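Contents: one structure, followed by commentary.
Numbering (the working numbering), first residue to last: 3 to 67.
Encoded structure:
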């Protein structure tokens, strides 16, 4: 004889994450941190040494051909 169903399965507490969910959250936090770091460096002007491409062309020796 079959046992009667006890209803739907109990839900896990809302503050607990699965292993995959926790790893996904950590990866997402790392991406946000990297994005914020890049934006801050761009705002601080760290790209200034590379912004003037003319200096690279002027310092290249002429090709003798």
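Just so it is clear, CB atoms sit at the ideal spot from N, CA and C, and this is done for glycine as well. Predicted model only: the values in this text are computed from it and were never measured.
Check whether the Cβ of residue i sits closer than 6 Å to any heavy atom of the ligand MN, and report yes or no.
i, result
"residue 41", "This structure does not include the ligand MN; it has no bound ligands of any sort."
CA-CA distance, residue i and residue j?
i, j, result
"residue 46", "residue 17", "38 Å"
"residue 5", "residue 25", "38 Å"
"residue 44", "residue 37", "11 Å"
"residue 7", "residue 30", "40 Å"
"residue 13", "residue 23", "16 Å"
"residue 42", "residue 11", "47 Å"
"residue 32", "residue 39", "10 Å"
"residue 21", "residue 9", "26 Å"
Please look up how many angstroms separate the CB atoms of residue i and residue j, rounded, as I've assumed it's under 8 Å.
i, j, result
"residue 27", "residue 34", "Their Cβ separation, rounded to whole angstroms, is 11 Å, which puts residue 27 and residue 34 out of contact at 8 Å."
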